[in-house]
Amino acid sequence: MLDDVIKAYNEAVLDTDRTRALQIVSDAVAQGVSPEDIVFKVVIPGLDLMVKALSEGFDTNLAQHFMTSQIAANVTEKMLELFQSPPEIIGHVVIGSAVGDLHTLGKRIVIGCLKAQMIEVIDLGVNVPAERFVSEALAHNAQVIGVSAMMVHTARGENGAIKVRRLLKEQGLEHKIKLVVGGAPFRYDPELYKVVQADAWAENGVSALKVIMDCIQEVKNNDHEHG
Amino acid sequence: MTTSMDRLAAAANGKIIDHIPVFCNLLDQGARELGLSIEDYFSKGEHVAEAQIKMQKKFGHDNVWSLFYVGKEAELFGCKKIRYATDGPPNVEDYIIQNYTDIECLQVPDDLSAHPKFAETAKCLQILKREVGGKVPICAYLTASMSLPAILMGMENWMELLMIGPVEVRDLLLEKCSDFFRKEIEAYRNAGADILVYADPYGSTDIIPMKLFKDLSLKWMKRDLEPGGLNGVVYYVGGARLNSVADEVIREVGIHAYYPGPLDDVTESMRIINDRALCAGVINDIKLLDWTPGQVREEVRRIVQGGLQVNNKFFFGTVVMPYGIPEENIKAMILAAKEFGRTTDG
Chain A
391 MLDDVIKAYN
401 EAVLDTDRTR
411 ALQIVSDAVA
421 QGVSPEDIVF
431 KVVIPGLDLM
441 VKALSEGFDT
451 NLAQHFMTSQ
461 IAANVTEKML
471 ELFQSPPEII
481 GHVVIGSAVG
491 DLHTLGKRIV
501 IGCLKAQMIE
511 VIDLGVNVPA
521 ERFVSEALAH
531 NAQVIGVSAM
541 MVHTARGENG
551 AIKVRRLLKE
561 QGLEHKIKLV
571 VGGAPFRYDP
581 ELYKVVQADA
591 WAENGVSALK
601 VIMDCIQEVK
611 NNDHEHG
Chain B
6 MTTSMDRLAA
16 AANGKIIDHI
26 PVFCNLLDQG
36 ARELGLSIED
46 YFSKGEHVAE
56 AQIKMQKKFG
66 HDNVWSLFYV
76 GKEAELFGCK
86 KIRYATDGPP
96 NVEDYIIQNY
106 TDIECLQVPD
116 DLSAHPKFAE
126 TAKCLQILKR
136 EVGGKVPICA
146 YLTASMSLPA
156 ILMGMENWME
166 LLMIGPVEVR
176 DLLLEKCSDF
186 FRKEIEAYRN
196 AGADILVYAD
206 PYGSTDIIPM
216 KLFKDLSLKW
226 MKRDLEPGGL
236 NGVVYYVGGA
246 RLNSVADEVI
256 REVGIHAYYP
266 GPLDDVTESM
276 RIINDRALCA
286 GVINDIKLLD
296 WTPGQVREEV
306 RRIVQGGLQV
316 NNKFFFGTVV
326 MPYGIPEENI
336 KAMILAAKEF
346 GRTTDG
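Protein chains in written order, with the numbering used here: chain A, 391 to 617; chain B, 6 to 351.
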């Protein structure tokens, strides 16, 4: 039965049909599938499937990324209320739009995907100064700072990701906090993340999930090595 | 002497007089040209016209712009706050649509030509028409009804309304945006614009699924363009890709010129369009920030030869060139487009 739910859910997500996806989940729970199985065996593998498809060049669009993220976040939120015990949080991320940048869509897609993956996200909003990225990351023990920038001057500007890197360096935090960037300019110049001295970048909001999870793991490994 | 307008007319008929038309979208760079801050620069139509003419003479490309910044359209709808940067384009800071009730209240201005926020654009167009009219194509930027909501309510809220919001609210907003577009294109034509860049990133399957493109984008495209006709209209999808929808737009709407995204394969664009319309070969202008002039030349060669190998209904173009591109790269790009755009054998 779970296989049928997985198949039907993934088809609904691909069709950007939130109503159908929510109905499939609701019917499955009514028929005895546990909320834990919905999240860990349906929603998260569904996201992984989308990430894998994107990495293999599967042609998708922004609306599909948005809906994938929103459906996953909606379902997870509903299921978490029904969990027997709270799930383990696998990491913490602070995310925001670079200083001078007021765009929010990419950030919202990333946040939806991360939440479904049991990653706690602190959304700092738009036009976020570099100092705030770092102080909030420290306050929340975040392993990753995500800087979103939709315009060339906010992606490359001295007060954006470049300054976040400088602050991390000055404060000796580079092994504890990774810097991930995303947004249109990075898509048009895949080498740009190196120019702004980020640790990694993601081509779209859904792919950001794997990139950020890898960074969280790297920081955890560093913590382990440093005792 | 051959003018830029002659070049464009020739290209539309599949001919090259001396070289293909070279379109260069220099906007914020005008501020640097006049030694002004970006905010001061965009405060006067005279500044924009003067800088456009100066830059066209200096670099030798084949177009001038009446566009200040994209947020101007939101200002015509009542947006009061624009955020200026020192090194990039101005952006809408307050979205006039904060909730769905605001959509019901949204007023399309009666007469755009008489709108105070259009006054500086009209002044700019008047000067451009007087100085270079009939010789250099004067471009205007008009956002399609499917894409305009992104600057009225933000991309995130528009995507949400489009994908999961109430259909009647979505359609009311699209109808108002389309009514606005019809008035806007008429105002620009009356003020002297020759090339009407119909900007529709939401008319690309990079942004929305094909089904939505067919059900919505095409429908509103037809409604936007129906009263004024297609003369001078260029279909532009911003940085998104065009190839998957180009054939559909040609067959269903019949626009005569297309501006693919920089990530489209230009040879494929030309093959899809297949002599039915004019097509641009567009450079990924973000890379112009870091490339050497030699790298710029090679990339222009690749694009221009890739387009001309199909036919001559072709011109060269940029997206919206970032402020920081070095002048030597702008010069190298234009020079190379002219050099490789002379004959079909490059």
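Think of the CB as a built atom: it goes at the ideal place given N, C-alpha and C, for glycine as much as any other residue.
* **Buried versus exposed, by CB contacts within 10 Å (16 or more), Gly-447(A)** => It is exposed - the Cβ of Gly-447(A) has fewer than 16 other Cβ atoms within 10 Å.
* **chain A residues whose Cβ lies nearer than 8 Å to that of Met-164(B)** => Annotation: Cβ neighbours of Met-164(B) in chain A (cutoff 8 Å, chain order): Leu-452, Ala-453, Phe-456, Leu-495.
* With DSSP as the reference, please indicate the residues paired to Leu-5(B) in a beta bridge. => No answer is possible for residue 5(B): it lies beyond the span of chain B, which begins at 6 and ends at 351.
* Asked: Are the segment 208-216 of chain B and the segment 229-249 of chain B in contact at 8 Å, needing three or more beta carbon pairs?
  -> Touching, yes.
* To do: Check whether the Cβ of Met-168(B) lies closer than 8 Å to any Cβ atom in chain A.
  => Any Cβ of chain A closer than 8 Å to the Cβ of Met-168(B) would place that residue at the interface, and such an atom is present.
* To do: Would you give the residue range spanned by the beta strand (DSSP E) that Ala-285(B) belongs to?
  => Taken as a continuous stretch (DSSP letters only), the beta strand (DSSP E) holding Ala-285(B) covers 283-287.
* **Cα-Cα separation between Val-301(B) and Glu-273(B), rounded to whole angstroms** => One C-alpha to the other measures close to 22 Å.
* Where Trp-296(B) and Asn-334(B) are concerned, what is the direct C-alpha to C-alpha distance, given to the nearest angstrom? -> If I take the Cα positions, the gap works out to 8 Å.
* Asked: What is the C-beta distance between Val-202(B) and Leu-147(B), in whole angstroms, given that I count them as a contact (C-beta under 8 Å)?
  -> So it is a contact: roughly 7 Å between Cβ atoms.
* To do: Could you check the C-alpha separation between Thr-494(A) and Trp-163(B) for me, to the nearest Å?
  => Their Cα atoms are separated by approximately 11 Å.
* To do: Output the distance between the C-alpha atoms of Gln-507(A) and Asp-11(B), rounded to the nearest integer angstrom.
  => Roughly 58 Å between the two C-alpha positions.
* DSSP on Met-453(A), reduced to helix/strand/coil? -> The sequence shown places Ala at residue 453(A), not Met. Collapsing the DSSP output to three states places Ala-453(A) in a helix.
* To do: Taking all protein chains shown into account, decide if Leu-392(A) is buried (16 or more other Cβ within 10 angstroms of its Cβ) or exposed.
  => Counting every other CB atom within 10 Å of its CB across the protein chains shown gives Leu-392(A) a total below 16, marking it as exposed.
* Just curious, the beta strand (DSSP E) that Gly-312(B) is in, first and last residue? -> Per DSSP, Gly-312(B) lies in no beta strand (DSSP E) segment; the continuous alpha helix (DSSP H) that holds it begins and ends at 298-313.
* Taking the C-alpha atoms as reference points, what is the distance between Gly-197(B) and Glu-136(B)? -> Roughly 12 Å between the two C-alpha positions.
* Asked: How would you write the range of the beta strand (DSSP E) that Ile-512(A) sits in, first residue to last?
  -> Where Ile-512(A) is concerned, the enclosing beta strand (DSSP E) stretches over 509-513.
* Between Met-469(A) and Val-403(A), is the Cβ-Cβ spacing less than 8 Å? -> Going by beta carbons, Met-469(A) and Val-403(A) fall outside the 8 Å limit.
* When you compare each of Asn-531(A), Ser-487(A), Ala-532(A) to Leu-514(A) by their alpha carbons, which one comes out closest? -> When Asn-531(A), Ser-487(A), Ala-532(A) are compared, the shortest CA-CA separation from Leu-514(A) is found for Ser-487(A).
* Applying a beta-carbon distance threshold of less than 8 Å, which residues of chain B neighbour Tyr-618(A)? -> Outside the shown range of chain A, which is 391 to 617, sits residue 618(A), and nothing can be said about it.
* Below 7 Å CB to CB, which residues in the same chain sit around Ala-418(A) once its five sequence neighbours on both sides are set aside? => Excluding residues up to 5 positions away in sequence, Val-395, Ile-428 lie with their Cβ nearer than 7 Å to the Cβ of Ala-418(A) in the same chain.
* To do: Would you tell me roughly how many angstroms separate the C-alpha atoms of Ala-79(B) and Ala-532(A), rounded to the nearest one?
  => Straight-line Cα distance between these residues: approximately 38 Å.
* Hey, how far is the Cα of Ala-149(B) from the Cα of Ala-90(B)? -> Their backbone Cα atoms lie some 25 Å apart in a straight line.
* Asked: Assuming Leu-599(A) contacts Leu-452(A) under a Cβ cut-off of 8 Å, what Cβ separation, rounded to an integer in Å, is found between them?
  -> At roughly 16 Å, the Cβ-Cβ gap does not stay under 8 Å, so Leu-599(A) and Leu-452(A) are not in contact.
* To do: Under 8 Å by Cβ, that's how I've got Leu-72(B) and Met-326(B) pegged, so tell me the actual separation to the nearest angstrom.
  => Contact between Leu-72(B) and Met-326(B) is ruled out by a C-beta separation of about 12 Å, above the 8 Å threshold.
* To do: Using only alpha-carbon positions, find the residue among Asp-67(B), Gln-103(B), Gly-138(B), Asp-92(B) that is nearest to Cys-84(B).
  => The option with the nearest alpha carbon to Cys-84(B) is Gln-103(B).
* To do: Answer with yes or no whether the minimum CB distance from Arg-556(A) to chain B is below 8 Å.
  => Taking Cβ atoms only, chain B never reaches closer than 8 Å to Arg-556(A), which makes this a no.
* Going by C-alpha distance, which of Asn-96(B), Gly-237(B), Tyr-263(B) is nearest Val-489(A)? -> The shortest C-alpha separation from Val-489(A) is found at Asn-96(B).
* Helix or strand or just coil, what does DSSP make of Ser-525(A)? -> It is helical.
* Taking the DSSP output, what are the residues bridged to Val-69(B)? -> Paired residue(s): Ile-143(B).
* Asked: Is it true that the CB of Gly-572(A) sits closer than 8 Å to the CB of Gly-496(A)?
  -> Yes. Within cutoff.
* Determine the DSSP secondary structure at Arg-347(B), reduced to helix, strand or coil. => Coil, per DSSP.
* **Endpoints, alpha helix (DSSP H) assigned at Val-441(A)** => For Val-441(A), the uninterrupted alpha helix (DSSP H) segment begins and ends at 434-445.
* Kindly indicate which residue of Lys-559(A), Ala-411(A), Asn-611(A), His-616(A) has the alpha-carbon position closest to the one of Val-524(A). => Checked all of Lys-559(A), Ala-411(A), Asn-611(A), His-616(A); the closest Cα to Val-524(A) is Lys-559(A).
* Which word fits Lys-77(B), buried or exposed, when buried means at least 16 other C-beta atoms lie within 10 angstroms of its C-beta? -> If you draw a 10 Å sphere on the C-beta of Lys-77(B), you find 16 or more other C-beta atoms in it, and that means buried.
* Contact set between Met-541(A) and chain B, taken where Cβ atoms lie within less than 9 Å -> Met-541(A) reaches chain B at Ala-90, Gly-93, Pro-94, Asn-96, Pro-327, counting residues in chain order whose Cβ is nearer than 9 Å.
* Asked: Can the beta-carbon of Asn-594(A) be found less than 8 Å from the beta-carbon of Leu-439(A)?
  -> No; because the gap between Cβ atoms is not below 8 Å, this pair is not in contact.
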